[in-house]
Structure formats: structure tokens, C-alpha cells
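Below you'll find the structure, written out as C-alpha cells, and then a few comments.
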Amino acid sequence: MMSSITSFANRLRRVCPIFALLMLIALPSFAQEKSIKRKVAIGRFSNETQYAKGFFYDKENDPMRKQAMDILSAKLAASEKFILLERDDLDLLVKEAGSDMSKVGADYIIIGSITEFGRKTEGHKKAFARSKTQTVEAGVSIRLVEVATSLVIYSDEAKGFAEVTNKQVMGFGGTANYDATLSDKAISAAISQLIDNIINKCMDKPWRSYILSAEDGAYIISGGASQGLASGDSFNVYVKGKVVKNPQTGLNIELPGQKIGTVTVLSSFGDTPETEASICSYDGKAIDTAKLDNYYISDK
Numbered sequence: 104m105m106s107s108i109t110s111f112a113n114r115l116r117r118v119c120p121i122f123a124l125l126m127l128i129a130l131p132s133f134a135q136e137k138s139i140k141r142k143v144a145i146g147r148f149s150n151e152t153q154y155a156k157g158f159f160y161d162k163e164n165d166p167m168r169k170q171a172m173d174i175l176s177a178k179l180a181a182s183e184k185f186i187l188l189e190r191d192d193l194d195l196l197v198k199e200a201g202s203d204m205s206k207v208g209a210d211y212i213i214i215g216s217i218t219e220f221g222r223k224t225e226g227h228k229k230a231f232a233r234s235k236t237q238t239v240e241a242g243v244s245i246r247l248v249e250v251a252t253s254l255v256i257y258s259d260e261a262k263g264f265a266e267v268t269n270k271q272v273m274g275f276g277g278t279a280n281y282d283a284t285l286s287d288k289a290i291s292a293a294i295s296q297l298i299d300n301i302i303n304k305c306m307d308k309p310w311r312s313y314i315l316s317a318e319d320g321a322y323i324i325s326g327g328a329s330q331g332l333a334s335g336d337s338f339n340v341y342v343k344g345k346v347v348k349n350p351q352t353g354l355n356i357e358l359p360g361q362k363i364g365t366v367t368v369l370s371s372f373g374d375t376p377e378t379e380a381s382i383c384s385y386d387g388k389a390i391d392t393a394k395l396d397n398y399y400i401s402d403k
């Protein structure tokens, strides 16, 4: 593809030299632009509505929670920017991880809740006509947690509506009982309002990988083909910045790292996104192989 663009630019040079020159200058940045898929863990949604406070409510078999998670998963998958990791035991993993959130195995964790849910039916009668409108309203809250820092980088809430109307004129027309699909449509409408911000927040943040092993001049990093890594791709290697404590919030903050070199992907291996890794060559300052935790890799 790049050779065809370059050839086109060269032909264009005869007609418009200035435009052709600008196009050739832009080619390097075009060639380097690469989107790496982020790993996102989706925890089960909680149900914070009045329905969930009932005496006979069964938390383990709540279809509304599963509806919300399935809809969010489908919309994120449709963007083709993520590897989705369903984590039914997310709470347990987070508790076991403590401050080391990397054990979760994802770049981001999405935690959601259904905050509102209601439905109503309204009817109208006239001399020769009648109508019935079924309406469902749902409220969904989302929190996006960056695993590397354990900080909530995005939080928002949205409401969605869905309705259906049946009309009869002089006895002719449709009749219907309650439409159960309205629940899905209302939850989907609420999540749709949040999905673009979730995608942008995840993709705007630099992708990170880590050095898993270093032997005989070859470096193995986390991530592989399913995330978009391919032979010949190069990424920056950084020494982690100093960790300082913010006296105002009490939270630890990692200062920006220092670039010391680059790794180039030679090949990848692994059967699943969780176990994929890539073998790389390295060019730059010496890496202390006894302290690989002090380094990270980024695409920006």
C-alpha cells in the first residue's frame, strides 16, 4: 500500500510539485500510525434499582444485570479496538491483587450499575379509536478504571428510553401484551450514550506492555497477534519514573518515565490473549535484567 501511495505522489509531482512534496513528507507518520487493541475486563453489573431491593430478589440470577453486560460487550466488540475479558470473579481478583492490579490481566476494568429502571403503560380512548403506549426508562452508570494506576479515569451516567404504541380504529388494529424487548432497548440506548467516551478514553491513553523475560539478547514482552502486534513493529522502552505520594489525596503517583531504547517485534506466540507474548530485539541503553519490573513499553 505504501509503495502505491509513493508512486502516486511521484506522478503527482509533475502536475503539482508543492502538494506532492507535502504528501511525501506526511508518509512517514502515516506509516508509523498503528492502533494496538486494549485488553478490557468487564465485571458484572450491579443492580441498584428498587427491583433489586425486593425480598425475593436473586442476585445470582438477575437477567437485567446480564443484559447490560452483554449489550456493553457487543458494542465494544463492534468497535474492533478491544480484546474483551469477561471476569465473573472480578471482585475476588481485585481483592487478591491488592495494590498490584496487573494480576487482573487487563489494561482497563469497566464497572457498571443499573441505577434506574421503570416501565409504564398509558392508554387513550376516543370515539372510534384507542391506543396503548408502553414505555421503559433505564439509567446506567459506568466507571472505567486504569489498571496501571488503579484510578478511575472516566465516570458517567446516562438514561435511555424505549416505547411502542399499538392503535385500533373501529376495532381494527394490533393489540399486544407487555413487550419484554423494551428493557433491552432502553438499556442499550443508555449505554450507547456512553460508549464513544469509553472508547476514546481507552484509546487516548498510551498502550503499555512489560518485559517478561530477557535471555541471550532476546526480550519477551506481553502482547501478541490478537492485539495487533506484528513482525517489524517497534515500540519505545522506558524506565519507570519515581513514585511519589500526593499529600493532598494520599495517593501514590508515578512520575513520567525516561525513554532508554526501542524493541522491535521478531515473532509472537501464545494461544489466547491472556497468554500471548512476543519475542523482540532491543536497541538502546543497557537493561538491568535482574530488575525487569522497573521497565515498561509504550506505543507513544
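For the sequence shown, my numbering gives the first residue as 104, with consecutive numbering after it. Every residue gets a Cβ at the ideal spot worked out from N, C-alpha and C, and that includes glycine. Predicted model, so just to flag it, every value in this text is computed and none were measured.
Residue A171 holds the alpha-carbon nearest to the alpha-carbon of I145 among A171, I314, T375. Around the beta carbon of D210, a 10 Å sphere encloses 16 or more other beta carbons of the protein chains shown; the residue is thus reported as buried. With distances taken between CA atoms, K348 lies nearest to L358 out of K223, L358, I314, V340. Within 10 angstroms of the beta-carbon of F372 lie fewer than 16 other beta-carbons, which makes it exposed. Rounded to the nearest whole angstrom, the C-alpha separation of R233 and T224 is 13 Å. Rounded to whole angstroms, the gap between the alpha carbons of Y385 and D336 is 12 Å. Here T152 is near I217, since their CB atoms are less than 8 Å apart.
If the five residues before and after A328 are omitted, its C-beta is found closer than 6 Å to the C-beta atoms of S371, all from its own chain and listed in chain order.
For S291, the number of other beta carbons within 10 angstroms of its own is at least 16, and it is reported as buried.
Taking a contact to require three or more Cβ pairs closer than 8 Å, the segment 312–326 and the segment 242–262 do not qualify as touching. K288 is positioned such that its CB atom lies no closer than 8 Å to that of I256. Per DSSP, the continuous beta strand (DSSP E) segment holding S316 begins and ends at 314–318.
Approximately 52 Å separates the beta-carbon atoms of A241 and A321; this is outside 8 Å, ruling out the contact. In this structure K140 is buried. Its beta-carbon is surrounded by 16 or more other beta-carbon atoms within 10 angstroms. The three-state secondary structure of K140, taken from DSSP, is coil.
Spatial neighbours of Q361 in its own chain (CB-CB distance under 8 Å, excluding positions within 5 residues in sequence) are listed in chain order as Y341, V342, G344. The bridge partners DSSP lists for G215 are I245. Separation of the CB atoms of I302 and I382 is rounded to 30 Å, and the pair is thereby denied contact status at 8 Å.
Annotated three-state conformation of K362 is strand, per DSSP. Minimum Cα-Cα distance from N300 among the listed residues G326, S325, A261 corresponds to A261.
Cβ-Cβ distances below 6 Å link L175 to I294 in the same chain, with the five nearest sequence neighbours on each side left out; the list follows chain order.
Excluding sequence positions up to five before and after A180, its CB lies within less than 7 Å of the CB of L187, all in the same chain and listed in chain order.
Cβ contact annotation for V143 (same chain, cutoff 8 Å, sequence separation greater than five): L179, F185, I186, L187, L188, A209, D210, Y211, I212, I213, C305, in chain order. Under the DSSP assignment, S329 falls outside any beta strand (DSSP E); it carries neither an H nor an E label. Leaving aside the five residues that flank V368 on each side, the residues in its chain whose CB is nearer than 6 Å to its CB run, in chain order, L332, S334, D336, S381, C383. Rounded to whole angstroms, the Cβ separation of A265 and L285 is 5 Å, and the two are in contact under 8 Å. Residue pairing by DSSP places Q237 opposite T224, V267 in a beta bridge. Taken through DSSP and simplified to helix, strand or coil, D287 comes out as helix.
Q351 and I400 have their C-alpha atoms spaced approximately 30 Å apart.
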